[in-house]
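The structure appears below as structure tokens.
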Amino acid sequence: MRWGVVTFPGSNDDAQTAFVLEGLLGEKVARLWHKDTTLGALDAVVLPGGFSYGDYLRCGAMARFSPIMSAVEGFAADGGLVIGVCNGFQILCEAGLLPGALVRNRDLRFLCQRTHVRVEDTDTAFTNRCRRGEVLDIPIKHGEGCYVADAATLDALETGRQIVLRYCDAEGRVTAGSNPNGSLGSIAGVRNARGNVFGMMPHPEYAAEWLVGGEDGRKIFLSMVASGGVSSDAVVSATRSKVVSGP
Amino acid sequence: MTAPQVTLATAHEHGLTTDEFAQIETILGRTPTFEELGVFSVMWSEHCSYKSSRVHLKTLPTTGPRVLQGPGENAGALDVGDGVAVVFKIESHNHPSFVEPFQGAATGVGGILRDIFTMGARPIANLNSLHFGRPEHARTPFLVRGVVAGIGHYGNCIGVPTVGGEVHFDPGYDHNILVNAFTLGVVASDRIFRAAADGPGNSVLYVGSKTGRDGIHGASLLASAEFDAESETKRPTVQVGDPFTEKLLLEACLELMSPAYSEHLVGIQDMGAAGLTSSSTEMASRSGTGIDLDLSRVPLRERVVTPYEMLLSESQERMLLVVHRGSEEIVQELFRKWDLDAEVIGTVTDSQRLRATFEGRLVVDIPIDPLTDGAPALNRPAAEAAEQETPRLVLADLPEPVDYGEALLQLLASPNLCSREWVYRQYDAYVGGGTIVRPGSDAAVVRLPGTEKAIAISVDSMARFCAIDPYVGMVSAVAESARNLAASGAEPIGVTNCLNFGNPEKPEVMWQFQQAVQGLHDACVAFGTPVVSGNVSFYNETEGSSIPPSPVIGMVGLLEDASQHVTQWFKGDGDAIVLLGRNHEELGGSEYVATAHHQVRGTLPWIDLDVERRLIDVLRAGAREGLLRSAHDVSAGGLAIALAECCITSESSARHGARIDLEDGLRPDALLFGESHGRAVVSARRRHLTRLRELADRAEVPIAVIGEVRGQRLEIGELVALGVDEMHTRWSEAFAGLLGEE
Amino acid sequence: MSAEGNGATGWLARVYVTPKQGVLDPQGKAVQQSLHALGYPEVLDLRLGKYVEVTLAEISRESAETRVREMCERLLANGVIEDFRFDLEASR
Amino acid sequence: MSAEGNGATGWLARVYVTPKQGVLDPQGKAVQQSLHALGYPEVLDLRLGKYVEVTLAEISRESAETRVREMCERLLANGVIEDFRFDLEASR
Ligand SMILES: Nc1ncnc2c1ncn2[C@@H]1O[C@H](COP(=O)(O)OP(=O)(O)O)[C@@H](O)[C@H]1O
Ligand SMILES: [Mg+2]
Chain V
0 MRWGVVTFPG
10 SNDDAQTAFV
20 LEGLLGEKVA
30 RLWHKDTTLG
40 ALDAVVLPGG
50 FSYGDYLRCG
60 AMARFSPIMS
70 AVEGFAADGG
80 LVIGVCNGFQ
90 ILCEAGLLPG
100 ALVRNRDLRF
110 LCQRTHVRVE
120 DTDTAFTNRC
130 RRGEVLDIPI
140 KHGEGCYVAD
150 AATLDALETG
160 RQIVLRYCDA
170 EGRVTAGSNP
180 NGSLGSIAGV
190 RNARGNVFGM
200 MPHPEYAAEW
210 LVGGEDGRKI
220 FLSMVASGGV
230 SSDAVVSATR
240 SKVVSGP
Chain Y
0 MTAPQVTLAT
10 AHEHGLTTDE
20 FAQIETILGR
30 TPTFEELGVF
40 SVMWSEHCSY
50 KSSRVHLKTL
60 PTTGPRVLQG
70 PGENAGALDV
80 GDGVAVVFKI
90 ESHNHPSFVE
100 PFQGAATGVG
110 GILRDIFTMG
120 ARPIANLNSL
130 HFGRPEHART
140 PFLVRGVVAG
150 IGHYGNCIGV
160 PTVGGEVHFD
170 PGYDHNILVN
180 AFTLGVVASD
190 RIFRAAADGP
200 GNSVLYVGSK
210 TGRDGIHGAS
220 LLASAEFDAE
230 SETKRPTVQV
240 GDPFTEKLLL
250 EACLELMSPA
260 YSEHLVGIQD
270 MGAAGLTSSS
280 TEMASRSGTG
290 IDLDLSRVPL
300 RERVVTPYEM
310 LLSESQERML
320 LVVHRGSEEI
330 VQELFRKWDL
340 DAEVIGTVTD
350 SQRLRATFEG
360 RLVVDIPIDP
370 LTDGAPALNR
380 PAAEAAEQET
390 PRLVLADLPE
400 PVDYGEALLQ
410 LLASPNLCSR
420 EWVYRQYDAY
430 VGGGTIVRPG
440 SDAAVVRLPG
450 TEKAIAISVD
460 SMARFCAIDP
470 YVGMVSAVAE
480 SARNLAASGA
490 EPIGVTNCLN
500 FGNPEKPEVM
510 WQFQQAVQGL
520 HDACVAFGTP
530 VVSGNVSFYN
540 ETEGSSIPPS
550 PVIGMVGLLE
560 DASQHVTQWF
570 KGDGDAIVLL
580 GRNHEELGGS
590 EYVATAHHQV
600 RGTLPWIDLD
610 VERRLIDVLR
620 AGAREGLLRS
630 AHDVSAGGLA
640 IALAECCITS
650 ESSARHGARI
660 DLEDGLRPDA
670 LLFGESHGRA
680 VVSARRRHLT
690 RLRELADRAE
700 VPIAVIGEVR
710 GQRLEIGELV
720 ALGVDEMHTR
730 WSEAFAGLLG
740 EE
Chain H
0 MSAEGNGATG
10 WLARVYVTPK
20 QGVLDPQGKA
30 VQQSLHALGY
40 PEVLDLRLGK
50 YVEVTLAEIS
60 RESAETRVRE
70 MCERLLANGV
80 IEDFRFDLEA
90 SR
Chain E
0 MSAEGNGATG
10 WLARVYVTPK
20 QGVLDPQGKA
30 VQQSLHALGY
40 PEVLDLRLGK
50 YVEVTLAEIS
60 RESAETRVRE
70 MCERLLANGV
80 IEDFRFDLEA
90 SR
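If you read the protein sequences in the order shown, they are chains V, Y, H and E.
When you line the first sequence up against numbering that gives the first Met the number 0, it's residues 0 to 246, in that order.
When you line the second sequence up against numbering that gives the first Met the number 0, it's residues 0 to 741, in that order.
When you line the third sequence up against numbering that gives the first Met the number 0, it's residues 0 to 91, in that order.
When you line the fourth sequence up against numbering that gives the first Met the number 0, it's residues 0 to 91, in that order.
Given below as structure tokens:
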């Protein structure tokens, strides 16, 4: 699959994302600069974590106006797979590609820790390699990861099965204590209604190797590979058996 | 807008002595201009000139087969093989952090990061050493929150992981906290850049943020004068850190230093303390050249900034470059790509003088040498203070605890031993993808990109010991660092240091300083670890009362194989628990005596550097051979705390208990809580015990199986029986409690 | 303050951005709790927003109004979670 | 706005916190640059601060003044790098 990883001024996790995709999973990666206006022929785009534009004003507020974002919006409108992690998630919300917003953590402090998230749905292009209810051990590191949306939006997310990941404890229980940042509904990751745009606060790219952070995060990227860059469920199951090999 | 007339009084206001002013007049053959006076005052300040410390620092061991760059550049560099070098340094930002903890600490991190990437190295690890006053002091919680948030803010935003550090509380820092920041970077060993201004005719470029009035007489003067109520009012404009701009600066500079562009670059130096003045002077000094600056071309943030202010401003996130004549456009284009200012503001000359013009007027014309190598160097008088003699600690006078379990819990929850997770949870320890061991174990371990290797890092100070005996305290701190590295599986290879002391004009402070430098010397010689960089922070003193002598060391170790790293917590039931080293009846200066008996005194534990060296060899061999399931050195809090930490410090909820039996005929509290050196607790599979014993015997390190990893309780003989969860709760919740949070 | 007239003049726009009613405001809540802890029980509610001072070049009041509203809608406020209002003051 | 009288009444305090003159305002700088890039060259300067709405229980105006000033000094503004001002409006 051909991936594009975008670098905004202030992106910090772009190199690591590219390393995981290319170096560990053997995927093809194009590094994209925020001033680029076209994506080229890609199957998936990653908006990585970091502090685009210093996260000044609001996280993601300024990055969404970067020239490349028009191309990303067009790509998403055409059904291309887009994943935003952490700051990338914030950018997708600011750009209106995902519902809701991410605000300051409940206790107002930056939080860096291992967290557990429960896979709520596996019929997605981002989690088809997981088991339903599976608990993934993936770190978070953010100051503004508290997911909020109004009641109507939250309802729509529930009924539309758009909530893909929730914070939970090691046993998969979703409790007040297992919610690190105060996110409504313990939401850690949501997709759009169409199913081709996905945002998550935990960092799968920092849980892709045993030596550093474990391997649970690989499943997110491998799911996207398995979906072949297409979000439709039929294609997902047809390609599920595809095994990734290194170069 | 004419600059004020310069008189002796003006010189005094600038912190220059009558003698120094006379020297300046001799050097110039005339009265200095106001701008020149400013330049002399910052360049001759303690902070820039190291006038009180230079003669002593010269004695430190700074060479060795790995040393690519010793003290004298922005940071030191060590060769770690495979064509890779590590570049590292530690630096203080004490006074600014006391005035405005968030911004002070943040800009401290920004400054040390620039020192590292100035040399072409990509920063891959930040650590910090923090000393605060009593937790009960009204200002302490505010300072802790601000400093920690500020460090996190800068490191997180710029994308460099903060992977370790230390936090101490002591009344001695109530009015003068210490914030020392450490950064390590990696670079190809043949691509280290230096701060040189070679080649007359080459261009001087200013890049980064615009210049404002911030920090004028900031770091340099603040760090060279005692702190009192008056300085509150004289307070310079506080510097606000902009990690976003620094991130752009970092990426732009590293791109400039990459093979695609580096042919254009002659030299590069960050504008730290004394900004434009010190960076240009120091670059010219290293190359034996001169520099002409046209101040009218300095990018400004405010409309009215005088030439004096431009020369002295400590605005953050700026660098000075020297590029080949003809390369200016290409370099400027590169910085524009990163949305950064890049202005040609001067040229390299062969005049060996610093000259600056403003609107066609010559405002500075000073020979370089007296500003740098020729700056005043003092051999200040030193004498041990009379009251340095601490009363003996008579063990027999100390009542034993009634309940050893409770005593252990109290220690676990004490300010200096409780979990630092409250702190490091605010630091991104993952970013960059190289962090193998995050905060929570003896040393941080980060991998070396592109190799199988990893680097272990520990920063340590032993302020409690140093208060009793600065020589022994310093030696102990170096030993503690070395043990931390070895317990993580690494070979110690080099040292950086930050020497935080009071007013050097006081003979007793100078004595403490000399003792510490001697200790640093002796310990580094013993461990074969050269000192490649460092920083001195004098005048840590408020209203005449000085901080305890507080040297901090940062030690770097090498693991040839990253997968051989070891962490401190127990891994699985059934493993044997082994004590390396010997227990002694030494309670002097211990955390236990301080916490349970409220005394900082006694004879410090005996330290034998040869014993330490041999212990380190055993730990390293054990790690290399894969014998160690866990390893933890015994330090603050003694053996019982070390054992408890092995049970509770694991990041995951899979924690383990232990059954321990100790046979030494020592007084129980000395056995459990004494801080004798040369010890480590390791766990190993039973089948590896014979081999471990062979290694220890060969190195003549005492070895004893003292128990087994088992269950969910820590049981030590008949003395202690505590649930792991209970210990974990007390230990992990204490820090927030200190700050008045529940 | 100054006489505005109808001609072009410089402007100072003061923009107030506040969390939308009904949207979770963890920051405001945390600050309110801190104030309680500091001994201000009289604080019944607290909402934390942003205050932006924008200095504008000489344009007509009408144009200033439209432009500032646009800046708010596009960048300065996030309509999903925030409301904004602003006032304009002629400068010079 | 409403009749205040002399008795105790509830209050709405509006607090404006701005970066001190001369202190670097990296946020403001970045937002200004963004606005330029978005096509608003008329923005000559921009400073980003905080806006806090504090609802207070019924106390005298005097006491409200003193208390709010204190809250600003102690928590809401950082005196070293920020200025603040506030106004009070009687509520209900
Ligand atoms: N200020 C800090 N920043 C980051 N990590 C810290 C800080 N203080 C302590 N830590 C981490 O907490 C752990 C315990 O610290 P400490 O008790 O000082 O270790 P040791 O005694 O082995 O040197 C270490 O992993 C250390 O890196
Ligand atoms: Mg240790």
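Where is the CB? At the ideal position from N, CA and C, for every residue including glycine.
Fair warning: this is a prediction, and the values are worked out from it, not measured in the lab.
Local Cβ density within 10 Å of Y/R113, reported as buried at 16 or more and exposed below that:
Looking at its Cβ environment, which holds 16 or more other Cβ atoms inside 10 Å, Y/R113 is buried.
Let me make sure I understand the geometry here. Which of H/V14, H/T8 and H/G9 has the alpha-carbon closest to that of H/A83?
Correcting the residue identity first, residue 83 of chain H is Phe in this sequence and not Ala. Ranking the options by Cα distance to H/F83, first place goes to H/V14.
For V/L41, which residues in the same chain have their Cβ closer than 6 angstroms to its Cβ, ignoring the five residues on either side in sequence?
Cβ neighbours of V/L41 beyond the five flanking positions: R1 and G3.
Please classify V/K34: does DSSP put it in a helix, a strand, or coil?
Here V/K34 carries a coil assignment [DSSP, helix/strand/coil].
Check distances from the C-beta atoms of the region 146-162 of chain Y to those of chain V and list, in chain order, the residues that come in under 8 angstroms.
So the close ones are A148, G151, H152, N155, C156, I157 and G158.
Kindly list, in the order they appear in chain E, the residues whose Cβ is closer than 8 angstroms to that of Y/F512.
Chain order gives no chain E residues near Y/F512, where near means a beta carbon separation below 8 angstroms; the closest approach is about 31 angstroms.
Which bits of chain C does V/R130 rub up against, with CB to CB less than 9 angstroms?
Protein chains in the displayed structure are V, Y, H and E, and chain C is not among them.
Between the region 241-260 of chain Y and the region 44-62 of chain V, are three or more C-beta pairs nearer than 8 angstroms?
Yes, they touch.
Between E/Q31 and chain V, is the shortest Cβ-Cβ distance under 7 angstroms, so that the two count as touching?
Closer than 7 angstroms: no.
Does any C-beta atom of chain H lie closer than 7 angstroms to the C-beta of E/G48?
For E/G48, the nearest beta carbon of chain H is closer than 7 angstroms to its own beta carbon.
Enclosing alpha helix (DSSP H) for Y/H520 [first to last residue]:
Taken as a continuous stretch (DSSP letters only), the alpha helix (DSSP H) holding Y/H520 covers P506 to F526.
Tell me Y/R658's beta-bridge partners as DSSP assigns them.
DSSP lists Y/E707 and Y/E714 as the beta-bridge partner residues of Y/R658.
Alpha carbon to alpha carbon, how far is E/E69 from Y/T566? Give it in angstroms, no decimals.
Each residue's alpha carbon lies about 48 angstroms from the other.
What is the rounded straight-line gap between the Cα of V/L221 and the Cα of V/R128?
Inter-residue distance for V/L221 and V/R128 is about 7 angstroms (C-alpha atoms, whole angstroms).
Please compile the residues from chain H whose C-beta is within a distance smaller than 9 angstroms of the C-beta of V/V102.
Per Cβ cutoff of 9 angstroms: P18, V22, L23, D24, P25, Q26 and I80.
With a cut-off of 7 angstroms, does the C-beta of V/A205 fall near any C-beta of chain Y?
The question names Ala, but residue 205 of chain V in the sequence shown is Tyr. Cβ-Cβ to chain Y under 7 angstroms: yes for V/Y205.
So V/V163 and V/V189 are in contact, right, with Cβ under 8 angstroms, and what is the actual spacing, rounded?
So it is a contact: roughly 6 angstroms between Cβ atoms.
Tell me the DSSP secondary structure of Y/T539 in three-state form.
Checking the displayed sequence, the identity of residue 539 of chain Y turns out to be Asn instead of Thr. Per DSSP, reduced to three states, the secondary structure at Y/N539 is coil, with no helix or strand assignment.
Going along the chain, which unbroken runs of the beta strand (DSSP E) with 3 or more residues stay wholly within the region 450-499 of chain Y?
Scanning the region 450-499 of chain Y for uninterrupted beta strand (DSSP E) segments of 3 residues or longer gives 453-460 and 490-499, listed from N- to C-terminal end.
Can you tell which of V/C111, V/L156, V/D122 and V/S226 has its C-alpha closest to the C-alpha of V/I137?
Taking only the C-alpha atoms, the option nearest V/I137 is V/C111.
Give the list of continuous beta strand (DSSP E) stretches no shorter than 3 residues that lie fully inside the region 237-324 of chain Y.
The region 237-324 of chain Y contains these whole beta strand (DSSP E) runs: 264-269, 289-293 and 317-322.
State buried or exposed for Y/A148, treating a residue as buried only when at least 16 other CB atoms are found within 10 Å of its CB.
Taking a 10 Å sphere around the C-beta of Y/A148, we find 16 or more other C-beta atoms and assign the residue as buried.
Could one say the Cβ of V/L56 lies closer than 7 angstroms to chain E's Cβ atoms, at least one of them?
Yes, its Cβ sits closer than 7 angstroms to a Cβ of chain E.
If the cut is a Cβ gap below 9 angstroms, which residues of chain H does E/L87 touch?
By Cβ distance, chain H contributes nothing, its closest Cβ being about 13 angstroms from E/L87, past 9 angstroms.
Which one of E/V53, E/Q26 and E/A76 has the shortest CA to CA distance from E/S90?
When each option's Cα is compared against that of E/S90, the closest is E/V53.
Can you give me the Cβ contacts of E/T17 inside the same chain, cut-off strictly under 7 angstroms, excluding the 5 residues immediately before and after it?
Same-chain partners within the cutoff: R46, G48, E81 and D82.
From which residue to which residue does the beta strand (DSSP E) around Y/R687 run?
Note that residue 687 of chain Y is His in the sequence shown, not Arg. Here Y/H687 belongs to no beta strand (DSSP E), and DSSP marks it neither H nor E.
Would you list the one or two residues that DSSP bridges to V/Q112?
According to the DSSP secondary-structure assignment, V/Q112 is paired through a beta bridge with V/I139.
Is Y/L56 helix, strand or coil when you go by DSSP?
Of the three classes helix, strand and coil, the one that applies to Y/L56 here is helix, per DSSP.
Smallest Cα separation from H/A29: which of V/C85, V/G181 and V/V44?
Per the C-alpha coordinates, the member of V/C85, V/G181 and V/V44 positioned closest to H/A29 is V/G181.
Chain V within 7 angstroms of E/L11, Cβ atoms only
Chain V, which has no Cβ nearer than 7 angstroms to the Cβ of E/L11, makes this no.
Alpha-carbon to alpha-carbon, Y/Q711 and Y/D724
Their Cα atoms are separated by approximately 8 angstroms.
Quick check on Y/G677: does DSSP put it in helix, strand or coil?
In this structure, DSSP gives Y/G677 a state outside helix and strand, which the three-state scheme calls coil.
Chain Y contact residues for V/Q15, given Cβ-Cβ distances below 7 angstroms:
Those within 7 angstroms of V/Q15 in chain Y are G431 and G432.
Minimum Cβ-Cβ distance from H/E72 to chain E less than 7 angstroms:
No, its Cβ sits nowhere closer than 7 angstroms to a Cβ of chain E.
Residues bridged to Y/F168 by DSSP?
According to DSSP, which records beta bridges pairwise, Y/F168 is partnered with Y/F131.
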